[in-house]
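Below is one structure, written out as structure tokens; the observations come after it.
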DNA sequence: CGCAGGGTTGAGCGCTCTCAATATAAGTGG
DNA sequence: CCACTTATATTGAGAGCGCTCAACCCTGCG
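Chains as they are written, first to last, in this note's numbering: chain A, 1 to 245; chain B, 246 to 490.
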């Protein structure tokens with residue numbers, strides 16, 4: 001199921017034209033681009049690359065050359081500590097951009113595929129050139145970078161001031177929204193990451209994550225069986241967040 | 246003491262030329278710009294603005310129009326929760342850039358001055374134009390945004406996987422490095438933020454922060470008296486980090 | 001001098017971690 | 001296809017780190 005269910009009806013047709021080959025919605029969807037510009041954006045896609053489950057798309061410290069748009073699949077990005085401890089900085093799916101932290105030098109983190117995936121390669125040199133010619137794209141690119149910063153700030157808020165159940169509820173609601181945006185079910189999905197990876201991302205130990213899944217299930221908020229999750233009560237999950245004294 | 250002690254000898258003279266009026270080192274220092282370009286970069290500085298202690302430079306949700314370079318003073322940036330809880334996302338000083346999270350719409354967080362400060366206003370529209378003409382600046386701008394992302398990832402690592410003492414040690418070492426870079430003492434400085442703000446930034450309660458300061462003092466790592474800090478044993482602080490099992 | 005904001009310190013609790021055992025699923029090779 | 005191995009999840013018991021609540025102290029300022 002790689003076809004995209006567009007959620008911006010007005011932009012749907014244009015999207016089909018420009019991004020049928022690759023999910024560039026992040027870069028071109030909301031911008032008002034003329035057809036000619038759209039063609040140039042499409043040409044940014046230098047090539048595609050398959051990444052098998054467990055393989056790295058790029059490694060921390062590796063020379064930066066391109067940004068990647070995920071065509072299909074699922075990734076985690078992470079940082080490695082001196083002592084080998086991992087901090088998962090994010091999970092990325094279908095249609096999202098990856099590798100922007102490397103701009104201006106070397107990749108800061110590592111991106112690892114959690115299932116067989118395919119990405120579009122957007123060489124930075126090309127982006128530079130095209131965004132110079134197309135102000136709308138330049139603005140768009142900056143906006144994407146800014147949104148990444150805002151996203152990270154949200155996670156900082158989560159890690160800095162939420163309790164364990166709030167973190168997991170936030171995580172599930174976020175995943176749900178993103179699946180919905182992409183035309184998948186927002187209430188039933190398959191987690192591609194392990195409890196350990198979820199824990200690393202949320203600043204919790206894997207046992208805590210597992211316990212919380214069980215607790216949420218007991219409360220009738222979700223149904224879990226290993227990696228399969230069904231959300232039974234979205235409002236209930238939101239109430240977990242609202243219940244902060 | 247607003248004069249900047251340049252740390253890149255080669256670029257020092259140029260820096261003096263272009264940035265004497267405002268600390269634009271973030272944007273122009275490492276890039277290979279010709280004199281003419283430097284002039285254009287300097288012209289980015291549309292105006293200056295004084296911000297009194299406690300005042301907001303910009304507010305979350307406010308329309309984005311400019312990025313700010315801190316000429317003198319000290320700021321915190323923070324997010325406000327639905328319930329009014331604050332997460333401090335960073336502290337910014339002399340020569341650093343602020344407000345990039347707003348690019349592409351509205352400011353995502355709030356920036357509040359922790360002492361009487363002065364900033365240079367860099368209107369985004371101008372940056373857009375100039376960076377289109379000067380590839381080096383464009384690359385530089387992207388790099389600044391990417392560095393912000395990398396910085397946030399570092400904080401995520403701190404919040405997600407470090408224990409309280411490691412967090413405070415990291416915080417102190419980071420401040421120390423930044424003061425050094427700007428020509429101030431790296432071992433003795435005045436904290437402009439409260440224990441509560443430090444705690445919010447590090448994901449700790451203010452009492453915990455206070456206790457840790459006392460503990461570090463007892464161990465001979467630092468000397469603290471209220472907001473005045475002297476670092477006695479940098480290597481010792483680094484050992485706090487290394488001692489992660 | 002008195003007040004207010006910020007900082008320190010103590011006692012006790014509770015959330016999350018640690019350690020450990022068991023269960024379940026997913027591979028792997030014969 | 002099945003026995004075996006390995007990765008991943010679940011669950012329990014107990015400990016500890018950081019939080020909560022509370023009292024007190026310090027400093028600057030009207």
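Backbone N, C-alpha and C define an ideal beta-carbon position, used for all residues, glycine too.
| Asked | Found |
| --- | --- |
| Can you give me the C-alpha to C-alpha distance between residue 376 of chain B and residue 141 of chain A, rounded to a whole angstrom? | 13 Å |
| With DSSP collapsed to three states, give me the class of residue 483 of chain B. | helix |
| Which residue marks the beginning of the alpha helix (DSSP H) containing residue 346 of chain B, and which one marks its end? | Per DSSP, residue 346 of chain B belongs to no alpha helix (DSSP H) and is neither H nor E. |
| At 4 residues or longer, and completely inside the stretch 380-419 of chain B: list those alpha helix (DSSP H) runs for me, N to C. | 380-406 |
| Three or more C-beta pairs under 8 Å: does that hold for the stretch 52-62 of chain A against the stretch 110-125 of chain A? | yes |
| Excluding five sequence neighbours on each side, which residues of the same chain lie with their C-beta closer than 8 Å to the C-beta of residue 337 of chain B? | 315, 319, 320, 321, 322, 343, 356 |
| Measure from the C-beta of residue 441 of chain B to each C-beta in chain A and report whether the shortest distance is under 8 Å. | no |
| If you draw a straight line from the C-alpha of residue 426 of chain B to the C-alpha of residue 339 of chain B, how long is it? | 10 Å |
| What would DSSP say about residue 334 of chain B, mapped onto helix, strand or coil? | strand |
| Quick check on residue 359 of chain B: does DSSP put it in helix, strand or coil? | strand |
| For residue 391 of chain B, count neighbouring C-beta atoms within 10 Å of its own C-beta (all shown protein chains included) and say buried if the count is 16 or more, exposed if not. | buried |
| So residue 122 of chain A packs on residue 45 of chain A, CB below 8 Å; how close in whole Å? | 6 Å |
| State the DSSP-derived secondary structure class of residue 202 of chain A, mapped to helix, strand or coil. | helix |
| Counting only Cβ-Cβ distances shorter than 9 Å, please list the residues of the stretch 58-75 of chain A near chain B, keeping chain order. | 64 |
| Can you tell me whether residue 308 of chain B is helix, strand or coil according to DSSP? | strand |
| With 16 other CB atoms within 10 Å as the buried threshold, where does residue 435 of chain B fall? | exposed |
| Anyone know if the C-beta pair for residue 109 of chain A and residue 398 of chain B falls short of 8 Å? | yes |
| What first and last residue would you give for the beta strand (DSSP E) that runs through residue 433 of chain B? | 433-435 |
| Who are the Cβ neighbours of residue 120 of chain A in its own chain at under 6 Å, not counting the five residues just before and after it? | 22, 45, 48, 69, 71 |
| Taking CB distances under 8 Å as the criterion, tell me whether residue 210 of chain A reaches chain B. | no |
| Taking C-beta to C-beta, are residue 175 of chain A and residue 41 of chain A nearer than 8 Å? | no |
| Where does residue 457 of chain B fall in DSSP's three states? | helix |
| Output needed in chain order: residues of the stretch 208-239 of chain A with a Cβ under 9 Å from some Cβ in chain B. | none |
| Does the Cβ-Cβ distance between residue 212 of chain A and residue 242 of chain A come in under 8 Å? | no |
| Across which residues does DSSP place residue 364 of chain B in a beta bridge pair? | B:294, B:315 |
| Tell me whether residue 44 of chain A sits in a helix, a strand or coil according to DSSP, three-state version. | coil |
| Go ahead and label residue 101 of chain A buried or exposed: buried means 16 or more other beta carbons lie within 10 angstroms of its beta carbon, across all protein chains shown. | buried |
| Between which two residues does the beta strand (DSSP E) holding residue 57 of chain A run? | 56-58 |
| Chain A beta carbons: is any one of them nearer than 8 Å to that of residue 395 of chain B? | yes |
| What do you get for residue 214 of chain A, buried or exposed, if any count of 16 or more other CB atoms within 10 angstroms of its CB means buried? | exposed |
| In its own chain, which residues sit with a C-beta less than 7 Å from the C-beta of residue 485 of chain B, not counting the 5 before and 5 after it? | 410, 411, 414 |
| Taking Cβ-Cβ distances shorter than 9 Å, what residues in chain B pair up with residue 123 of chain A? | Within 9 Å Cβ-Cβ: nothing; residue 123 of chain A doesn't reach chain B, min ~14 Å. |
| Any idea what DSSP makes of residue 230 of chain A, helix, strand or coil? | strand |
| Can you tell me which of the three DSSP states residue 371 of chain B falls into? | helix |
| Assuming the contact rule is C-beta atoms closer than 8 Å, residue 438 of chain B and residue 79 of chain A should be a hit. Round their C-beta distance to whole Å, please. | In fact, because the Cβ distance is near 25 Å, the residues do not count as touching under 8 Å. |
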